[in-house]
Every structure is written in C-alpha cells, then in structure tokens.
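Comments concern the structure below.
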Amino acid sequence: AQVFRFPGTQQYRLEVETFARAAQGGKERVFTLEESVLNQKVIDAIFRAGDTGGWETV
Numbered sequence: 138a139q140v141f142r143f144p145g146t147q148q149y150r151l152e153v154e155t156f157a158r159a160a161q162g163g164k165e166r167v168f169t170l171e172e173s174v175l176n177q178k179v180i181d182a183i184f185r186a187g188d189t190g191g192w193e194t195v
C-alpha cells in the first residue's frame, strides 16, 4: 500500500485567522455558500454509507 504523509498544521488557528480577516473586510470567502452546502451533503452521505455499508447518492 502507498502511504501519503503531509506536514502537520494548526488547522483551527488557520480557520480563525481566515475568519478574522474576512470579518475585517479583507479577503473573500474561500468557499461559496453553495459549495459549503454541497460539501455537507457529501459528509452526510459518508455517514449514511458507514451506517448502511453501501453506496450513497449525493
């Protein structure tokens, strides 16, 4: 099996810093609201698949 390694990061710190910049009128959002909704639908399907053991439609 192939193993992928990624450098560690402080994800929550990065999220808070990005939010703070946006709240101060800085940088645009990284993702649109529509993209966020679609992302949540994928996450929900992953959990359903875990419960059912099958494929889920997104």
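Just remember that the numbering used here sits 137 ahead of the position in the sequence shown, which is counted from 1.
Glycine included, each C-beta is placed from N, C-alpha and C at the ideal position.
So residue i is in the alpha helix (DSSP H); what residue range does that whole segment cover?
i: valine 174; result: 170-189
State the CB to CB distance for the pair residue i and residue j, rounded to an integer number of angstroms; the pair is presumed to be in contact (CB under 8 Å).
i: threonine 155; j: valine 167; result: 7 Å
Excluding five sequence neighbours on each side, which residues of the same chain lie with their C-beta closer than 6 Å to the C-beta of residue i?
i: arginine 185; result: Glu193
i: alanine 160; result: none
Leaving aside the five residues before and after residue i along the sequence, list all residues of the same chain whose C-beta is less than 7 Å from its C-beta, in chain order.
i: valine 195; result: Lys178, Val179, Ala182
Ignoring anything shorter than 4 residues or poking outside the segment 142-166, list the alpha helix (DSSP H) runs there in chain order. 148-160
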